[in-house]
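Reading through the structure tokens given below for one structure.
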Amino acid sequence: MEFTRRETLAMGAGAALLTVLPFRANAASVDELINEFTGGAAVADSGVDLIAPEIAENGNTVPIEVAAEGASAIMVLAAGNPTPPVATFNFGPRAGSHAASTRIRLAGTQDVIAVARLADGSYARTSKTVKVTIGGCGG
Amino acid sequence: MASGVKPRVKAPSSATAGEVVTIKTLISHKMESGQRKDSSGNVIPRSIINRFTCDYNGENVIDVKMEPAISTNPYFEFEAKIPETGEFKFTWYDDDGDVYEDSKAVTVG
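So the protein sequences, as listed, match chains A and B. Anchor point for the first sequence: position 83 equals 82 in numbering that gives the first Met the number 0, and the numbering is continuous, going up by one each time. Anchor point for the second sequence: position 94 equals 93 in numbering that gives the first Met the number 0, and the numbering is continuous, going up by one each time.
Next up, the structure:
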């Protein structure tokens, strides 16, 4: 089977598009999830802290910690996971501090995002890149 | 029910009034994400704990909505304010409808 130059170029472009598409889909759903959480409200860049390791050797258990002064809820997303939502922490009246830590799974090197609903009803977000040596999806 | 599920909680047994204490919880659970495949290529169905709550004397401390991205044997660490003698109640909700519970009494002295 012979390929003309034009066909070869088209195939190359198609293949490139296919590899890029899944990431696009995930990125879009991260924005959608944030919109769903905030109800479309503006999101500030400060007011929430996310502590995560710079390099995680094992993507199956990555320790993270989120904190936001006076927050009523903090949502954590992993932008590069097959399903981006990680957890949503809702703080009740007896919470001693608006912080929590847990361990999460990361499929690979990616951004972890935390979005907080603050006491005055505004929203704040932060993100941190975590390098993952071994992914945690059992692929 | 998922086998071998055992909640473990670390909380102080006494506190001073108004003290903020740190609570650590761990529950053994495989947290099958629904992404993995077995040796013959079939997807292993999702089976996780999807919600964790902690209450003190009936008032909520923390309520966590969990997704498959939470690691095996979910661990949580958080803080709670102790105004009076009472009891912590910890509840985990499994995908299959099971509810795992644990409680810890705290004396204000």
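The beta carbon of each residue, even a glycine, is placed where N, CA and C say it ideally should be.
Could you say which of the options lies nearest to residue i if we only look at CA atoms?
i	options	result
alanine 43(A)	Ala51(A), Ile33(A) and Thr101(A)	Ile33(A)
asparagine 56(B)	Tyr99(B), Asn72(B) and Ala79(B)	Ala79(B)
glycine 91(A)	Ser2(B), Ile22(B), Val98(B) and Asn59(B)	Asn59(B)
alanine 72(A)	Ser28(A), Val131(A) and Ala99(A)	Ala99(A)
aspartate 110(A)	Glu6(A), Phe88(A), Leu76(A) and Ser121(A)	Leu76(A)
serine 32(B)	Ala67(A), Pro81(A), Glu56(A) and Ser28(A)	Pro81(A)
glycine 107(A)	Ala41(A), Asn59(A) and Glu6(A)	Asn59(A)
valine 85(A)	Gly95(A), Glu56(A) and Thr101(A)	Thr101(A)
isoleucine 130(B)	Asn72(B), Pro44(B) and Asp101(B)	The question about residue 130(B) has no answer, for chain B in this structure spans 0 to 108.
threonine 21(B)	Asp93(B), Tyr99(B), Ile81(B) and Thr90(B)	Ile81(B)
serine 70(B)	Val61(A), Ala55(A) and Ala78(A)	Val61(A)
glycine 79(A)	Asp30(A), Thr7(A) and Thr3(A)	Asp30(A)
aspartate 119(A)	Thr125(A), Ser126(A), Ala113(A) and Glu68(A)	Glu68(A)
serine 45(A)	Gly38(A), Ala70(A), Ile133(A) and Glu35(A)	Ala70(A)
arginine 124(A)	Asn57(A), Glu35(A) and Ile112(A)	Ile112(A)
Output, in chain order, the set of chain A residues within a Cβ distance shorter than 9 Å of residue i.
i	result
lysine 9(B)	Result: empty, since nearest Cβ-Cβ is about 13 Å, beyond 9 Å.
Mind listing the chain B neighbours of residue i? Cutoff is C-beta to C-beta under 7 Å, in chain order.
i	result
alanine 86(A)	Val63, Lys64, Met65, Glu66 and Ile69
phenylalanine 36(A)	Residues of chain B passing the Cβ test: none, with the nearest at roughly 11 Å.
Return no unless some Cβ of chain B is closer than 8 Å to the Cβ of residue i.
i	result
asparagine 151(A)	As shown, chain A starts at 0 and ends at 138. That puts residue 151(A) outside it, with no answer to give.
serine 126(A)	no
asparagine 59(A)	yes
isoleucine 33(A)	no
arginine 116(A)	no
threonine 101(A)	yes
serine 28(A)	no
serine 96(A)	yes
alanine 77(A)	yes
Just the C-alpha distance for residue i and residue j, rounded to the nearest angstrom, thanks.
i	j	result
lysine 142(B)	glycine 17(B)	Examination of residue 142(B) is not possible in this model, given that chain B is present from 0 through 108 alone.
cysteine 53(B)	alanine 9(A)	57 Å
valine 47(A)	alanine 66(A)	6 Å
aspartate 95(B)	arginine 5(A)	54 Å
valine 131(A)	phenylalanine 77(B)	25 Å
arginine 151(A)	serine 12(B)	This structure cannot speak to residue 151(A), because chain A is shown only from 0 to 138.
tyrosine 74(B)	proline 67(B)	14 Å
glycine 3(B)	serine 39(B)	26 Å
proline 52(A)	asparagine 41(B)	33 Å
threonine 24(B)	isoleucine 63(A)	15 Å
valine 114(A)	isoleucine 54(A)	22 Å
Using beta carbons (cut-off 8 Å, strictly below), is residue i in contact with chain A?
i	result
asparagine 59(B)	yes
lysine 80(B)	yes
tyrosine 74(B)	yes
serine 32(B)	yes
valine 42(B)	no
phenylalanine 77(B)	yes
List the residues of chain B that residue i touches, going by C-beta distances under 8 Å, in chain order.
i	result
arginine 5(A)	Those do not exist, as arginine 5(A) stays about 38 Å from chain B at its closest Cβ, beyond 8 Å.
serine 121(A)	Result: empty, since nearest Cβ-Cβ is about 21 Å, beyond 8 Å.
List the whole-angstrom C-beta distance separating residue i from residue j, where the pair is believed to meet the contact cut-off of C-beta under 8 Å.
i	j	result
isoleucine 47(B)	asparagine 89(A)	Not confirmed; about 18 Å, so no contact.
lysine 103(B)	glutamate 86(B)	7 Å
alanine 14(B)	valine 107(B)	6 Å
asparagine 49(B)	tyrosine 92(B)	6 Å
Residue i versus chain A: which residues are under 7 Å apart at the beta carbon?
i	result
tyrosine 55(B)	Arg93
arginine 20(B)	Looking at the sequence provided, one finds valine at residue 20(B) rather than arginine. Result: Gly95.
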